[in-house]
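Working notes, structure below.
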DNA sequence: ATTTTCGTGTAAGTTTTTCTGAAGACAAAA
DNA sequence: TTTTGTCTTCAGAAAAACTTACACGAAAAT
């Protein structure tokens with residue numbers, strides 16, 4: 066019965082008309098300018114006329130295009146509204162995220178208010194669990210996992226890489242045995258990260274680190290061991306010794322000055338943080354929005370809003 | 066900036082919700098029920114909830130889906146309106162069709178009012194010309210050509226096949242030498258279709274026809290020759306002899322009783338009618354509508370509106 | 001109570017559409 | 001003039017949509 070125009074072409078046209086620039090529209094839509102050009106051409110073929118007057122100076126809308134624009138905007142506004150209604154009901158605005166407790170405490174939670182600012186209508190539930198979740202059983206929409214990136218039957222994408230570095234309270238830089246070189250570690254307890262997800266490959270334990278640093282006289286087994294990365298950090302903040310910490314987990318305390326990195330020797334981890342979810346969740350609008358935000362946070366690095374704002 | 070839902074899925078949902086049936090929606094959209102089911106599922110994944118309650122008895126809308134529906138309808142109405150505005154300007158509502166004069170006179174023009182009824186906003190211009198059009202030069206949107214279907218660089222699709230049969234005025238069935246068998250043709254002038262697009266392969270000229278009918282004693286060269294198929298028909302209607310006519314061109318006069326087919330011997334032509342246009346026109350809404358209508362007319366066969374209505 | 005019919009759901013594979021990447025054309029800015 | 005920015009075009013790649021084929025359950029028919 067109906068005779069609807071090509072919808073995606075209209076969407077592209079609306080963006081191009083708003084910016085009066087194919088390039089800008091392409092950016093907004095996250096496609097190449099060529100794709101925009103082709104969609105506009107398709108719509109022009111469909112209507113049998115031009116939408117833009119391509120003058121030497123600039124891009125101008127034809128009268129018909131100009132006239133259609135307000136109506137088009139209304140239409141898209143209504144589509145968005147309809148989408149909002151559909152998305153808002155039931156449990157759909159609750160997003161359940163499964164994260165390891167340390168990453169949750171030291172990385173995700175400190176940033177979460179920024180996501181809430183952006184999408185106040187999405188309620189985020191953090192499920193911090195040492196166990197690996199079963200998407201089929203638990204009602205989890207998205208998991209952030211630290212590992213090698215192989216999760217069969219699930220869609221996986223890299224969120225950020227991890228690296229390892231020694232950190233300690235700034236107080237340890239002064240005092241009887243100030244930390245100046247790796248050899249000074251002899252005078253301080255070592256704090257070990259024994260979290261179960263610990264990368265058992267090279268360079269994430271003190272033995273490996275000391276070897277890489279060329280220090281042989283220190284017993285790598287010395288000191289306390291913690292089963293969560295965040296606890297290692299807490300111990301270091303309390304001045305209990307020098308922790309070999311995950312950079313990501315230590316970041317907030319480093320920025321706050323509660324921790325310092327005494328040596329300029331950071332080694333990459335073989336493990337990284339991955340976003341993992343079942344294929345069906347990949348189309349979910351809330352999951353998409355949260356993933357996008359996570360990627361932005363990971364790219365920004367800092368926990369500080371200021372840095373976040375400056376980066377934009 | 067914007068966060069639009071998947072537009073095609075919304076379109077499918079609107080149709081499915083309106084019919085409360087995936088199958089009906091599939092018919093309306095000219096796709097299979099499976100395609101509808103998948104689009105609905107995609108939208109359900111996107112919103113993270115269900116759109117339909119699948120009860121044992123029937124398909125019911127969820128509250129959210131129900132609530133979104135009126136807004137969705139408004140949105141699509143506005144999109145249609147925008148499309149109308151875009152299509153209505155300039156020369157876009159004028160469709161120029163290139164047709165051979167005989168087909169124009171005897172087939173297309175008698176039916177054209179039915180297209181006008183359906184799409185009153187599209188103004189159809191008939192360009193009846195013996196010459197084959199050059200789409201680049203003439204401002205032609207669509208051509209109907211009689212031939213073998215090979216037109217390089219242009220999109221081509223079969224409209225209908227042609228067949229050849231002898232026709233004459235009903236008066237020739239009575240009188241001194243009534244036409245009862247092909248042998249009776251000896252007493253009547255033969256009318257020849259010498260139009261330049263004439264199929265030069267077998268069975269479209271009297272010599273071939275007579276041979277096929279097993280008549281050897283008649284001189285196939287006898288009688289008048291016309292350079293347009295429609296003129297042959299006119300001569301036959303006027304009782305000037307027996308024409309070997311294209312079925313399509315003769316149809317209107319046969320239905321009106323001005324012509325009769327004295328023998329039950331119709332032979333297919335090697336040529337057919339093809340719709341031809343440049344690739345860019347294939348997306349044009351007006352061209353699409355006209356092509357669709359042409360196909361329906363070709364399938365219906367009859368010129369009569371009554372038959373047309375009955376067939377629906 | 002079976003069997004048939006009808007409609008939805010799912011999987012695999014194909015077709016169509018859309019997009020990218022690379023190059024070209026053209027005009028404005030340097 | 002060269003450089004830069006923007007639109008356009010093309011072939012090929014990627015993604016989306018669709019078809020075909022079949023499974024399943026409920027309603028209708030036998």
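Residue numbers (our numbering), protein chains in the order written: chain G, 66 to 377; chain R, 66 to 377. For every residue, glycine included, the Cβ atom is placed at its ideal position computed from N, Cα and C.
Listed as beta-bridge partners of residue 111 of chain G by DSSP are no residues whatsoever. When the beta-carbon positions are compared, residue 232 of chain R and residue 324 of chain R come within less than 7 Å of each other. Taken in chain order, the unbroken stretches of beta strand (DSSP E) that lie wholly in the segment 96-160 of chain G and span 3 residues or more are 117-119, 124-126. Under the DSSP assignment, residue 227 of chain R falls in the beta strand (DSSP E) whose first and last residues are 220-232.
The CB of residue 348 of chain R comes closer than 7 Å to the CB of 107, 110, 111 in chain G, given here in chain order. Residue state for residue 333 of chain R is assigned as strand, using DSSP reduced to three classes. Exclusion of the five residues before and after residue 97 of chain G leaves 91 as the residues of its chain whose Cβ lies within less than 8 Å of its Cβ. Under the 7 Å criterion on CB atoms, residue 143 of chain G is classed as interfacial with respect to chain R. Rounded to the nearest whole angstrom, the C-alpha separation of residue 184 of chain G and residue 81 of chain R is 30 Å.
For residue 73 of chain R, the chain G residues whose C-beta falls within less than 8 Å of its own C-beta are 72, 73, listed in chain order.
Here the C-alpha atom of residue 222 of chain G lies approximately 10 Å from the C-alpha atom of residue 209 of chain G. The C-alpha of residue 214 of chain R lies about 10 Å from the C-alpha of residue 224 of chain R. Spatial neighbours of residue 275 of chain G in its own chain (CB-CB distance under 6 Å, excluding positions within 5 residues in sequence) are listed in chain order as 283, 285. Residue 136 of chain R belongs to the set of residues whose beta carbon lies under 7 Å from a beta carbon in chain G.
Out of R:226, R:317, R:297, the CA that lies nearest to the CA of residue 364 of chain R is found in R:226. Within chain G, the residues 143 have their CB atoms less than 7 Å from the CB of residue 139 of chain R, given in chain order. Contact check between the segment 111-121 of chain G and the segment 139-153 of chain R: three or more CB pairs, one atom from each, fall below 8 Å, which counts as touching. Contact of residue 69 of chain G with chain R by beta-carbon distance below 8 Å involves 76, 141, 144, 145, 148. The contact set of residue 345 of chain G on chain R, defined by CB atoms closer than 7 Å, consists of 110 in chain order. Counting of Cβ neighbours within 10 angstroms places residue 356 of chain G among the buried residues, the total reaching 16 or more.
About 5 Å separates the CB atoms of residue 87 of chain R and residue 101 of chain R; that is less than 8 Å, so the two are in contact.
Nearest in C-alpha terms to residue 330 of chain G, of all of G:238, G:176, G:288, G:277, is G:277. In this structure, R:79 is the residue among R:180, R:172, R:79 with its C-alpha nearest to the C-alpha of residue 139 of chain R. Residue contact check for residue 133 of chain G against chain R: a CB pair falls below 7 Å.
For residue 351 of chain G, the neighbours in chain R by C-beta distance under 7 Å run, in chain order, 113. The bridge partners DSSP lists for residue 189 of chain G are G:160.
A distance of 7 Å or more separates the beta carbons of residue 260 of chain R and residue 334 of chain R.
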